[in-house]
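To start, the structure under review is shown below, and the notes come after it.
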Amino acid sequence: MNKKKIIEQAAERAKTKKAALGEDVDVEKYTTETKNYDALNSLDEFPEEYKQNLLDAGIEPSGKERAGSFLQRDRCVVFSKAKYKGLELMSTTDAMAKYDWLEDYLWKAIPVDMDKYTAEVELAQSHGYFIRSEAGSKVTMPVQACLFITSDKVRQNVHNIIIAEENSELHIITGCSVSHTVSSALHLGISEFYVKKGAKITFTMIHNWGGGIEVRPRSAMVIEDDGVFISNYILMTPVKSLQMYPTAYCVGRNARATFQSIVYASGGTKIDLGSRAVLQGEGSRSEIISRVIATDNAKVIARGDVIGEASNVKGHIECRGLMLSDNAEIDSIPELKATLKDLDLSHEAAVGKIAEEEIQYLMARGLSEDEATSVIIRGFLNVDITGLPDALAKETKRMFDMSLEKVM
Amino acid sequence: MGAMLEIKDLTVEVEGKEIIRDLNFNIERGAVHVLFGPNGCGKTTLLMTILGFPNYKVTKGSITFKGVAITDLPINERVKLGMGLSFQHPPEIRGVKLGDMVNIALGRKEEKIDEDVVELAKRLNISLDFLNRDVNLGFSGGEVKRSEILQLLAQSADFIMFDEPDSGVDVENIELIGEVMSELMDRNKIPSKRERAGLIITHSGFIMRYIKADRAHVMLDGRIACTGMPDEITKHIMEDGFEKCVAVCDERGIC
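Sequences listed follow chains U and W, in order.
In this text, residue positions in the first sequence follow this note's numbering: the first is 211, and each later residue adds one.
In this text, residue positions in the second sequence follow this note's numbering: the first is -10, and each later residue adds one.
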């Protein structure tokens, strides 16, 4: 029996398997029947009414200062172009047709039968992106990929494969966005990252969903010797429900994984968000940082998990939560697991409110109470992003400021 | 012309407990006063009340600043009128850099820590690296004081209160701090040209070697127990302690 068949059968068996975390989503409520959209010659041709949605998700519609752009609307890929030597960018479907070897990467970091959502993506996949940097290529300009929903009740099932070959470098900005005309939709996104020896991937993701969207991403990274993976996650707008627990497997010697998450949960948002690092390579390291603000009736579970399975590994979790409402909830759950003695794992978690004396201190420098509160919130969410090229770091800061501007 | 700061019959409560009782106190434009007193006598309470911290409740009396009744104004409104405070124990604020605080004190929307900020910081031997640190987070005692005075330098208030500006400051920096404080309170100008005023709390009196003050007061149990020339008062405190100093004042009728 061929691989494809085996995977399909495993998916069939997992079709009704509930996820370990997060409330159960009825996938059948959403449709796989959607309109077809014509391919665009350039991102500029994308309808004007959606441009702001792209911008809000950190996507540059002109494609300027980007190594390549990918845009998927509902279940159709409408644009995909790499303009950098050593970079490949196309839909996963095209990539599968082009490369036989790609099946070795499919469902390798994430089991297809993990839960009903992984099974669903396998059985009713709607593209997703394939991004690959060739061995030795340093693609310092970011690649941008946008997964956009414009139809009500749509089920967007993407499978993304990202490969940084040996000693290459890849910087990705992913924006997930939804048109304001959509009142409900489901986004399932599988992302498998492969960081080869000495390679580096930075992944900056902005989630810009709406209050009617259910989101179940499934992401994993396999990081080889001296490989580096850095994730920056920003969520500032409401979402109906989101659960994800991206997991980095540091399999190589001195592999490194960093997760930074910035979340401003408002309205009736329900989020169960974690990051996990499995340190299997000798001397590998991980850092998990999260900043969560909960206001209105938002409920957030902030998880962090480090599993040390090799000698000389080091992992740290820092979860901070800020409560702005008596009706909100933050549940901070850091976990550490060690299976041998020669390692160093630690965590710190804190949840609190804005301290009066901090507000008064800022007022003593001339700010009003509201201005002071805003400065403190901004400061709380301000995580210094390290490891990004200068231009991208600035860009990320700009995206963060813009997202914050919208909610404050 | 009335005093720059006028305090009349002031009674202040903190968490239901009376700390200051029927206090009367004026500071003229261009004058610097120093306030001595043992721990818990109400010195810090007086400063916090003048700047309007909500935990310090005025139950009686009034505060007038530049002719404006400020007793009920919020902190930032008083700051707009020209008041400034160097905190004794300022809070740490995560993610807000000292450089950001300087920009705020300068009244700028600017988020970058630019040349102007760096130049100001140089005056207090503060490096760019230090400007990029979260304010007060892990600062040493001396660093806190320099950071506070840098923010005041940016703020350019014309009535500045200093709460223990000398505690925890090493010998190397005390002179520098004294110099900048003197400048902030127009001490380097001839008396007739002095516009800005100040009120300094000091427990040790150490900083007074570097600043010339016009008047000194000793505070005891929430009231001003004794007032006189700074040199004289300092001498009595050093030799005999606070209580004795007050007793001597009473005897000689200095107050």
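Think of the CB as a built atom: it goes at the ideal place given N, C-alpha and C, for glycine as much as any other residue.
Predicted model, so just to flag it, every value in this text is computed and none were measured.
Member of the options whose CA lies at the smallest distance from the CA of residue i
{"i": "Ala560(U)", "options": "Glu233(U), Ser252(U) and Arg513(U)", "result": "Arg513(U)"}
{"i": "Ile196(W)", "options": "Ile102(W), Phe148(W) and Ile163(W)", "result": "Ile163(W)"}
{"i": "Gly71(W)", "options": "Asn44(W), Val3(W), Met174(W) and Lys111(W)", "result": "Met174(W)"}
{"i": "Arg112(W)", "options": "Phe148(W), Thr60(W) and Glu168(W)", "result": "Glu168(W)"}
{"i": "Thr505(U)", "options": "Thr549(U), Thr447(U) and Val349(U)", "result": "Thr447(U)"}
{"i": "Ser389(U)", "options": "Ala409(U), Tyr404(U) and Val364(U)", "result": "Val364(U)"}
{"i": "Ser476(U)", "options": "Lys604(U), Gly421(U) and Asp435(U)", "result": "Gly421(U)"}
{"i": "Ala94(W)", "options": "Gln144(W), Val47(W), Ile64(W) and Thr48(W)", "result": "Gln144(W)"}
{"i": "Lys55(W)", "options": "His225(W), Arg198(W) and Ala186(W)", "result": "Ala186(W)"}
{"i": "Asp(-2)(W)", "options": "Thr48(W), Asn44(W) and Glu66(W)", "result": "Thr48(W)"}
{"i": "Ser401(U)", "options": "Thr468(U), Glu379(U), Gln354(U) and Thr328(U)", "result": "Thr328(U)"}
{"i": "Asp541(U)", "options": "Asp325(U), Leu532(U), Val449(U) and Gly478(U)", "result": "Leu532(U)"}
{"i": "Phe127(W)", "options": "Ile149(W), Asp159(W), Asp89(W) and Pro79(W)", "result": "Strictly speaking, residue 127(W) in this sequence is Gly, with Phe absent from that position. Nearest option by C-alpha distance: Pro79(W)."}
{"i": "Ile371(U)", "options": "Asn418(U), Asp304(U) and Ala345(U)", "result": "Asp304(U)"}
{"i": "Gly194(W)", "options": "Asn125(W), Met170(W), Met208(W) and Met227(W)", "result": "Met227(W)"}
{"i": "Glu7(W)", "options": "Phe25(W), Asn44(W), Ala20(W) and Asp89(W)", "result": "Asn44(W)"}
{"i": "Asp220(W)", "options": "Glu2(W), His22(W) and Val3(W)", "result": "His22(W)"}
Buried or exposed (CB count within 10 angstroms, at least 16 for buried), residue i
{"i": "Ile216(U)", "result": "exposed"}
{"i": "Ala574(U)", "result": "buried"}
{"i": "Asp236(U)", "result": "exposed"}
{"i": "Thr223(W)", "result": "buried"}
{"i": "Ser347(U)", "result": "buried"}
{"i": "Arg428(U)", "result": "buried"}
{"i": "Met(-7)(W)", "result": "buried"}
{"i": "Asp61(W)", "result": "exposed"}
{"i": "Ile179(W)", "result": "exposed"}
{"i": "Leu299(U)", "result": "buried"}
Length of the line joining the Cα atoms of residue i and residue j
{"i": "Met306(U)", "j": "Asp234(U)", "result": "31 Å"}
{"i": "Cys244(W)", "j": "Ile213(W)", "result": "Any reading at Cys244(W) is ruled out, since the residue's pLDDT is 46, under 50, leaving its predicted position unreliable."}
{"i": "Leu297(U)", "j": "Asn92(W)", "result": "42 Å"}
{"i": "Asp229(W)", "j": "Pro27(W)", "result": "13 Å"}
{"i": "Ala292(U)", "j": "Gly278(U)", "result": "4 Å"}
{"i": "Cys215(W)", "j": "Asn15(W)", "result": "14 Å"}
{"i": "Gly31(W)", "j": "Val593(U)", "result": "40 Å"}
{"i": "Gly437(U)", "j": "Leu452(U)", "result": "29 Å"}
{"i": "Glu161(W)", "j": "Ala601(U)", "result": "41 Å"}
{"i": "Glu232(W)", "j": "Arg608(U)", "result": "60 Å"}
{"i": "Leu211(W)", "j": "Met218(W)", "result": "The sequence given here has Gly at residue 211(W), not Leu. The alpha-carbon atoms of Gly211(W) and Met218(W) are separated by roughly 21 Å."}
{"i": "Ile52(W)", "j": "Glu17(W)", "result": "14 Å"}
{"i": "Tyr443(U)", "j": "Gln470(U)", "result": "6 Å"}
{"i": "Ile423(U)", "j": "Ala487(U)", "result": "28 Å"}
{"i": "Val368(U)", "j": "Gly399(U)", "result": "5 Å"}
{"i": "Glu99(W)", "j": "Lys134(W)", "result": "24 Å"}
{"i": "Leu120(W)", "j": "Leu12(W)", "result": "39 Å"}
{"i": "Val107(W)", "j": "Leu117(W)", "result": "6 Å"}
{"i": "Ile102(W)", "j": "Glu615(U)", "result": "20 Å"}
{"i": "Leu141(W)", "j": "Glu(-5)(W)", "result": "22 Å"}
{"i": "Glu243(U)", "j": "Ala395(U)", "result": "13 Å"}
{"i": "Ala397(U)", "j": "Asp284(U)", "result": "Rather than Ala, the amino acid found at residue 397(U) in this sequence is His. Distance between the alpha carbons of His397(U) and Asp284(U): 9 Å."}
{"i": "Lys604(U)", "j": "Ser272(U)", "result": "18 Å"}
{"i": "Asn507(U)", "j": "Lys239(U)", "result": "25 Å"}
Extent of the continuous alpha helix (DSSP H) run through residue i
{"i": "Gln570(U)", "result": "Glu566 to Met573"}
{"i": "Thr302(U)", "result": "Thr302 to Lys308"}
{"i": "Ile472(U)", "result": "Segment Arg466 to Ala475 is the beta strand (DSSP E) holding Ile472(U); no alpha helix (DSSP H) there."}
{"i": "Leu70(W)", "result": "Note, Leu70(W): premise wrong, no alpha helix (DSSP H); not H, not E."}
{"i": "Ile59(W)", "result": "Premise fails: Ile59(W) is in no alpha helix (DSSP H) and is neither H nor E."}
{"i": "Thr583(U)", "result": "Glu579 to Leu591"}
Run of the beta strand (DSSP E) containing residue i, from where it starts to where it stops
{"i": "Val617(U)", "result": "First-last for Val617(U): Asp600 to Val617, but that is the alpha helix (DSSP H), not the beta strand (DSSP E)."}
{"i": "Arg426(U)", "result": "Ile423 to Ile433"}
{"i": "Glu379(U)", "result": "Glu379 to Val388"}
{"i": "Tyr455(U)", "result": "Looking at the DSSP string, Tyr455(U) is not in any beta strand (DSSP E), and its letter there is neither H nor E."}
{"i": "Leu445(U)", "result": "Val438 to Leu445"}
{"i": "Ala334(U)", "result": "Taken as a continuous stretch (DSSP letters only), Ala334(U) belongs to no beta strand (DSSP E), as it is neither H nor E."}
{"i": "Ile189(W)", "result": "Ala186 to Ile190"}
{"i": "Val353(U)", "result": "Lys348 to Ile359"}
{"i": "Asn114(W)", "result": "First-last for Asn114(W): undefined, no H or E at that position."}
{"i": "Asn367(U)", "result": "Arg365 to Ala374"}
Residue ranges of each beta strand (DSSP E) within the segment -8 to 52 of chain W, 3 or longer: Entirely contained in the segment -8 to 52 of chain W, the beta strand (DSSP E) runs reaching 3 residues are, in chain order, -6 to 3, 6 to 16 and 21 to 25.
3 or more residues per run - each beta strand (DSSP E) lying fully within the segment 219 to 295 of chain U: For secondary structure counted as the beta strand (DSSP E) over 3 or more consecutive residues, the segment 219 to 295 of chain U holds these complete runs in sequence order: 278 to 283 and 286 to 292.
Sequence ranges, beta strand (DSSP E) only - wholly within the segment 487 to 558 of chain U, length at least 3: If only complete runs of 3 or more residues are kept, the segment 487 to 558 of chain U shows the beta strand (DSSP E) at 495 to 504, 509 to 518, 523 to 533 and 539 to 548, in order along the chain.
Uninterrupted beta strand (DSSP E) stretches inside the segment 202 to 229 of chain W (no shorter than 3 residues): Counting only runs of 3 or more, we get 204 to 209 and 212 to 217.
Contained alpha helix (DSSP H) runs [length at least 4] in the segment 129 to 165 of chain W, N- to C-terminal order: Qualifying alpha helix (DSSP H) stretches, in chain order: 130 to 144.
Any beta strand (DSSP E) of 3 or more consecutive residues that is wholly inside the segment 393 to 420 of chain U: Qualifying beta strand (DSSP E) stretches, in chain order: 395 to 405 and 410 to 418.
Against chain B: residues of the segment 31 to 59 of chain W by CB proximity under 7 Å: The question asks about chain B, but that chain is absent: this structure's protein chains are U and W.
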